[in-house]
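Before any comments, here is the structure.
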Amino acid sequence: MSMIWNKYRYLLFRRTTQIGLLFLYFGANAWGWSILMGNLSSSVLFEFIPLSDPYAVLQMLVAGAVLATDIIIGALIITMFYLVIGGRAFCSWVCPINLVTDAAALLRRKIGVDEFAKRQPASRNMRYWVLALSFIISFLMGIAAFEFISPISILHRGIIFGFGFGWAAVLIIFLFDLLVLKNGWCGHICPLGGFYSLVGKFSLIRVKHTEENCTECMKCKVVCPEQQVLYMVGKESIPVLSGECTNCARCIEVCDDNALGFSIREFSKK
Amino acid sequence: MRSKTENDRRKFILRMARGAGITALGGFIWSAYVDEVTASQLILRPPGAIDEDDFLRTCIKCGLCVEACPYDTLLLAKPGDNKPLGTPYFIPRDIPCYMCPDIPCVPVCPTGALDESSVTTDGKLDINIAEMGLAVIDRETCIAFWGIQCDACYRACPILGEAITVEYSKNERTGKHAYLTPLVHADACTGCGLCEKACVTDKASIFVLPREVAMGKAGSYYIKGWDKTDEKRLEDVSSKKETTEISKEKAIDSLNSSMEDLY
Chain A
1 MSMIWNKYRY LLFRRTTQIG LLFLYFGANA WGWSILMGNL SSSVLFEFIP LSDPYAVLQM
61 LVAGAVLATD IIIGALIITM FYLVIGGRAF CSWVCPINLV TDAAALLRRK IGVDEFAKRQ
121 PASRNMRYWV LALSFIISFL MGIAAFEFIS PISILHRGII FGFGFGWAAV LIIFLFDLLV
181 LKNGWCGHIC PLGGFYSLVG KFSLIRVKHT EENCTECMKC KVVCPEQQVL YMVGKESIPV
241 LSGECTNCAR CIEVCDDNAL GFSIREFSKK
Chain B
271 MRSKTENDRR KFILRMARGA GITALGGFIW SAYVDEVTAS QLILRPPGAI DEDDFLRTCI
331 KCGLCVEACP YDTLLLAKPG DNKPLGTPYF IPRDIPCYMC PDIPCVPVCP TGALDESSVT
391 TDGKLDINIA EMGLAVIDRE TCIAFWGIQC DACYRACPIL GEAITVEYSK NERTGKHAYL
451 TPLVHADACT GCGLCEKACV TDKASIFVLP REVAMGKAGS YYIKGWDKTD EKRLEDVSSK
511 KETTEISKEK AIDSLNSSME DLY
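Chains as they are written, first to last, in my numbering: chain A, 1 to 270; chain B, 271 to 533.
Following this line, the structure appears as structure tokens:
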């Protein structure tokens with residue numbers, strides 16, 4: 001039993017956080033709870049603290065909107081938060097699309113899609129291109145461009161306010177990740193992930209590898225949605241500094257040899 | 271044999287070109303879609319909503335106004351609604367705006383897309399000055415214009431007697447009855463849609479349209495000379511005189527000249 005706990009403790013925490021947050025948002029709309037109102041674009045915590053998606057706010061700024069104090073403060077709070085716990089911690093601990101793409105990745109491993117589709121034809125840097133493109137379109141069209149197509153918002157709003165045809169967008173993401181490109185949406189395309197990757201470059205909490213304990217079983221690389229960040233496994237004892245790491249901690253819990261664990265980034269160079 | 275660097279260079283250029291191509295294609299589809307969904311004009315916004323273009327760039331689609339609405343009037347546009355995705359709107363025939371005096375949907379807006387000052391008079395929230403839309407009447411299908419007595423919209427109006435009045439006129443067809451027909455006054459109507467909800471015809475014969483759709487615009491060069499406040503616009507007006515080939519002489523000379531100067 002403790003074995004299972006050890007292997008899935010972070011996963012359990014993550015799912016609890018993701019679903020718990022969805023439940024609080026849902027309750028706010030359905031039953032008038034006032035703990036966490038709004039949605040991931042902008043919320044109010046305890047009827048007082050504003051929280052806003054910094055990427056959405058940046059797009060609005062580029063689009064030429066007059067920004068209200070509330071959303072500037074909200075965006076700063078969120079940015080500070082993820083600067084501490086790791087930029088893409090949003091992706092693995094909060095984002096509802098993560099539930100969909102993790103399910104696709106799991107199924108992909110189970111039915112062995114990768115055994116006959118070894119080549120990954122797309123670059124993971126695509127997300128930064130999409131990020132840049134979103135700002136260009138926001139500027140030219142005068143609206144926050146990604147907010148009008150974001151499947152994250154479609155799913156999240158769908159759960160809180162009703163789906164419409166939104167389920168189709170979610171299904172497309174699932175099938176795309178399952179059959180077309182491994183970690184396709186979250187690991188290649190999503191500009192919000194790209195944005196948080198940039199934030200994550202400076203964040204405090206990082207996964208650290210201890211090479212002396214590593215037996216090179218490579219279980220960590222199998223579960224990791226951003227394998228390229230684990231390039232040091234079995235080679236060097238250094239922390240994972242890439243902002244693309246989502247701090248999902250799956251590598252930590254699948255490791256049988258205690259070669260991976262959370263650490264606080266050391267800023268002093270030795 | 272080509273050198274390795276030359277090959278690398280070719281690969282690099284090809285990769286860049288491919289990246290640019292995909293970006294251009296994606297950008298084209300993306301902006302076309304955005305353009306399409308934001309083109310929808312027939313959408314009724316919550317009270318205090320700023321001008322539609324500014325609204326689209328300012329609304330962060332958080333749904334706090336929807337959650338604040340006690341009547342479930344406000345909805346967030348879902349995929350398939352053919353409205354700008356995630357933005358709040360309402361359909362009066364389903365659930366109209368009941369014009370709460372404390373306007374709970376407006377102060378919660380974090381971005382100012384719903385502007386509190388536009389629904390405030392003398393420091394107090396005032397829903398009666400909201401401009402969500404304007405009720406218009408189809409005189410062909412409104413049964414009051416047939417001569418059948420109906421004042422459902424008039425009775426339903428929360429600004430009764432100001433936003434909708436009932437006009438008397440003689441029914442020439444029968445010669446002995448009166449028409450009692452509704453008339454909407456744009457300066458008082460908020461566009462709440464209670465009239466549209468109340469309308470007894472199959473498809474509502476009085477319905478709310480966004481004000482910029484329902485109304486014309488006279489242009490600033492027309493001034494109501496009989497209206498003191500409108501007349502004030504003339505106070506600091508400067509005039510500019512332009513001389514053309516035709517107007518270089520006095521107008522009366524031109525009229526007397528058997529028009530040869532026109533040709």
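A virtual CB, placed ideally from N, CA and C, is assigned to each residue, including glycine.
These numbers come from a predicted model, not from an experiment.
Residue i (DSSP reduced to helix, strand or coil)
| i | result |
| --- | --- |
| residue 97/A | helix |
| residue 259/A | coil |
| residue 270/A | Model confidence at residue 270/A stands at a pLDDT of 43, short of 50, so the residue's coordinates are unreliable and nothing is read from them. |
| residue 170/A | helix |
| residue 455/B | coil |
| residue 400/B | coil |
| residue 192/A | helix |
| residue 448/B | strand |
| residue 355/B | coil |
| residue 378/B | coil |
| residue 413/B | helix |
| residue 246/A | coil |
Under 9 Å by beta carbon: chain B residues contacting residue i
| i | result |
| --- | --- |
| residue 50/A | 380 |
| residue 89/A | Result: empty, since nearest Cβ-Cβ is about 21 Å, beyond 9 Å. |
| residue 44/A | 332, 334, 378 and 380 |
Residue i versus residue j: straight-line alpha-carbon distance, rounded
| i | j | result |
| --- | --- | --- |
| residue 62/A | residue 469/B | 44 Å |
| residue 349/B | residue 249/A | 34 Å |
| residue 41/A | residue 394/B | 29 Å |
| residue 269/A | residue 234/A | Legend: pLDDT at residue 269/A = 49, less than 50; position of this residue unreliable, value from coordinates given subsequently. Straight-line Cα distance between these residues: approximately 23 Å. |
| residue 100/A | residue 356/B | 21 Å |
| residue 370/B | residue 461/B | 14 Å |
| residue 109/A | residue 280/B | 36 Å |
| residue 405/B | residue 434/B | 9 Å |
| residue 454/B | residue 485/B | 12 Å |
| residue 513/B | residue 520/B | 11 Å |
| residue 256/A | residue 377/B | 53 Å |
| residue 415/B | residue 458/B | 22 Å |
| residue 127/A | residue 391/B | 48 Å |
| residue 374/B | residue 335/B | 8 Å |
| residue 181/A | residue 123/A | 11 Å |
| residue 245/A | residue 88/A | 7 Å |
| residue 311/B | residue 483/B | 8 Å |
| residue 4/A | residue 196/A | 31 Å |
| residue 487/B | residue 480/B | 14 Å |
| residue 526/B | residue 510/B | 26 Å |
| residue 275/B | residue 286/B | 16 Å |
Alpha helix (DSSP H) segment containing residue i, residue limits
| i | result |
| --- | --- |
| residue 14/A | 2-30 |
| residue 325/B | 322-328 |
| residue 74/A | 69-85 |
| residue 237/A | Residue 237/A -> no alpha helix (DSSP H), and no H or E assigned at all. |
| residue 160/A | 151-161 |
| residue 252/A | 250-254 |
| residue 334/B | 334-338 |
Contacts that residue i makes with chain A (C-beta to C-beta distance below 9 Å)
| i | result |
| --- | --- |
| residue 349/B | 154, 158, 163, 164, 165, 166, 167, 168 and 169 |
| residue 322/B | The contacting residues do not exist; residue 322/B stays about 11 Å from chain A at best. |
For residue i, the first and last residue of its enclosing beta strand (DSSP E)
| i | result |
| --- | --- |
| residue 293/B | Unbroken run through residue 293/B is the alpha helix (DSSP H), 274-308; no beta strand (DSSP E). |
| residue 206/A | 205-209 |
| residue 140/A | Counting along the chain, residue 140/A falls outside any beta strand (DSSP E), though it belongs to the alpha helix (DSSP H) covering 126-141. |
| residue 434/B | 434-441 |
| residue 544/B | Residue 544/B lies beyond the range of chain B shown here (271 to 533); nothing can be said about it. |
| residue 37/A | 36-39 |
| residue 50/A | 49-52 |
Under 8 Å from the C-beta of residue i: neighbouring residues of chain A
| i | result |
| --- | --- |
| residue 327/B | 60, 63, 64, 65, 142, 143 and 144 |
| residue 343/B | Those within 8 Å of residue 343/B in chain A number zero; the least Cβ separation is about 13 Å. |
| residue 305/B | 141 |
Proximal residues of chain B, C-beta to C-beta of residue i below 8 Å
| i | result |
| --- | --- |
| residue 74/A | 380 |
Neighbour list for residue i in chain A, Cβ cutoff strictly below 7 Å
| i | result |
| --- | --- |
| residue 293/B | 129 and 133 |
beta-carbon residue i near the ligand FAD non-hydrogen atom, thresh 6 Å
| i | result |
| --- | --- |
| residue 499/B | For the ligand FAD, the structure offers nothing, since it holds no ligand at all. |
Interface partners of residue i on chain B, CB under 7 Å
| i | result |
| --- | --- |
| residue 38/A | 332, 333 and 334 |
| residue 149/A | 300 and 303 |
Cβ of residue i within 7 Å of any chain D Cβ
| i | result |
| --- | --- |
| residue 105/A | Within the model displayed, chain D is absent; protein chains A and B are what it includes. |
Three CB pairs or more closer than 8 Å across the segment 89-109 of chain A and the segment 182-202 of chain A: yes
Sufficient close CB pairs (3 or more, under 8 Å) joining the segment 339-351 of chain B to the segment 360-371 of chain B: yes
Three-pair Cβ contact test at 8 Å for the segment 316-332 of chain B versus the segment 131-148 of chain A: yes
The segment 304-320 of chain B / the segment 378-396 of chain B touching (three or more Cβ pairs under 8 Å): yes
Touching by the beta-carbon criterion (3+ pairs, under 8 Å), the segment 25-32 of chain A and the segment 153-169 of chain A: yes
Sufficient close CB pairs (3 or more, under 8 Å) joining the segment 207-216 of chain A to the segment 226-240 of chain A: yes
Three CB pairs or more closer than 8 Å across the segment 202-212 of chain A and the segment 170-190 of chain A: no
Cβ contact check for the segment 443-451 of chain B and the segment 290-305 of chain B: 3 or more pairs under 8 Å: no
Touch test, the segment 71-79 of chain A against the segment 44-60 of chain A, Cβ-Cβ under 8 Å, three pairs minimum: yes
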